[in-house]
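To start, the structure itself, in structure tokens.
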């Protein structure tokens, strides 16, 4: 099988999910897993009757654990590529064919992320340096004008986003993964319930393969930023970032220092 895709849902708006499934099916993706961490009948009904869509009810063990259910199926079936995506994403069918063509032509690439824009068409800086604790405190708790230069550098705003580049952090809203790369790096770390699992996985793939930003493909991300609106999600965000830095290092992270040095202006 050439390509599979997975969406993890939790009390997700059914119209939003239906739109995401429509995008995948229009792009010719014939194997789609919807892993429903809320096990709602309404989510199941959206999936029922759609060719190639498999509904999987699951207990809520988090974003990465949900996608791992589908990724293990791709590993077992020998799928070439697996797309991890959110339900709040939309794209033209050519985005998928462009990504497939690039990955076919570049076997050294273990993952790719397209150009991601918001509903207003403005670029979202979803590929970034590996974060320090200060970078995440800065983004979450300080006003945008504070340390604006450092914030821009962390988001790689100094790079020409009309050109491809190799970068160690891809946001989890749309991750195009080579399944063979996952055999080397492993899947999502299920100790992270939500938020830093995308950083962790990309940097592990980046250790042995290119993890590319590809502006030749574009998707629209209707970003909800739940941790900015919910104290519960903020707490989950903070707890899991603590786990991330406990794993990779707070102030001493040699990999972070080495790869970020290559991306600095």
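In my numbering, the protein residues as written are 3 to 267.
Heads up, the beta-carbon is just placed ideally off N, CA and C, and yes, glycines get one too.
Cβ-Cβ distance between residue i and residue j below 8 Å
| i | j | result |
| --- | --- | --- |
| residue 69 | residue 10 | yes |
| residue 194 | residue 245 | yes |
| residue 207 | residue 183 | yes |
| residue 26 | residue 181 | no |
| residue 156 | residue 205 | no |
| residue 34 | residue 23 | yes |
| residue 100 | residue 254 | no |
| residue 21 | residue 97 | no |
| residue 174 | residue 86 | yes |
| residue 46 | residue 57 | yes |
| residue 116 | residue 190 | no |
| residue 49 | residue 36 | yes |
| residue 220 | residue 119 | yes |
Anticipated Cβ contact below 8 Å, residue i with residue j, distance rounded
| i | j | result |
| --- | --- | --- |
| residue 169 | residue 222 | Not really, about 20 Å apart at Cβ, beyond 8 Å. |
| residue 178 | residue 114 | 4 Å |
| residue 185 | residue 95 | In fact, because the Cβ distance is near 28 Å, the residues do not count as touching under 8 Å. |
| residue 111 | residue 214 | 5 Å |
| residue 132 | residue 163 | With 8 Å as the limit, residue 132 and residue 163 do not qualify as a contact, their Cβ atoms being about 18 Å apart. |
| residue 166 | residue 216 | 5 Å |
| residue 51 | residue 32 | Not really, about 15 Å apart at Cβ, beyond 8 Å. |
| residue 243 | residue 138 | 6 Å |
Nearest neighbour of residue i, chosen from the options [CA to CA]
| i | options | result |
| --- | --- | --- |
| residue 159 | 184, 93 and 127 | 127 |
| residue 8 | 216, 237 and 89 | 89 |
| residue 135 | 198, 93 and 31 | 198 |
| residue 4 | 80, 72 and 116 | 80 |
| residue 67 | 137, 53 and 12 | 12 |
| residue 82 | 49, 44 and 102 | 102 |
| residue 39 | 31, 72, 54 and 17 | 72 |
| residue 104 | 212, 248 and 261 | 212 |
| residue 17 | 153, 6 and 44 | 44 |
| residue 151 | 261, 266 and 60 | 266 |
| residue 192 | 249, 118 and 120 | 249 |
| residue 122 | 60, 224 and 153 | 224 |
| residue 161 | 62, 239, 262 and 107 | 262 |
| residue 63 | 238, 260, 19 and 251 | 238 |
Under the three-state DSSP convention, the category residue i falls into
| i | result |
| --- | --- |
| residue 179 | strand |
| residue 88 | coil |
| residue 206 | helix |
| residue 243 | helix |
| residue 214 | strand |
| residue 83 | strand |
| residue 133 | coil |
| residue 17 | helix |
| residue 8 | strand |
| residue 222 | strand |
| residue 185 | helix |
| residue 127 | coil |
| residue 119 | strand |
| residue 156 | helix |
| residue 112 | strand |
| residue 197 | coil |
| residue 230 | With a pLDDT of only 47 at residue 230, under the threshold of 50, the placement of this residue in the model should not be trusted; the figure read from the coordinates follows. The answer is helix: DSSP assigns residue 230 an H, G or I state. |
Proximity test, residue i beta-carbon vs the ligand SAM heavy atom, cut-off 7 Å
| i | result |
| --- | --- |
| residue 86 | Absence of the ligand SAM is noted for the structure shown, with no ligands found whatsoever. |
Curious, which full-length alpha helix (DSSP H) runs of at least 4 residues does the region 22–98 contain?
43–49 and 65–79
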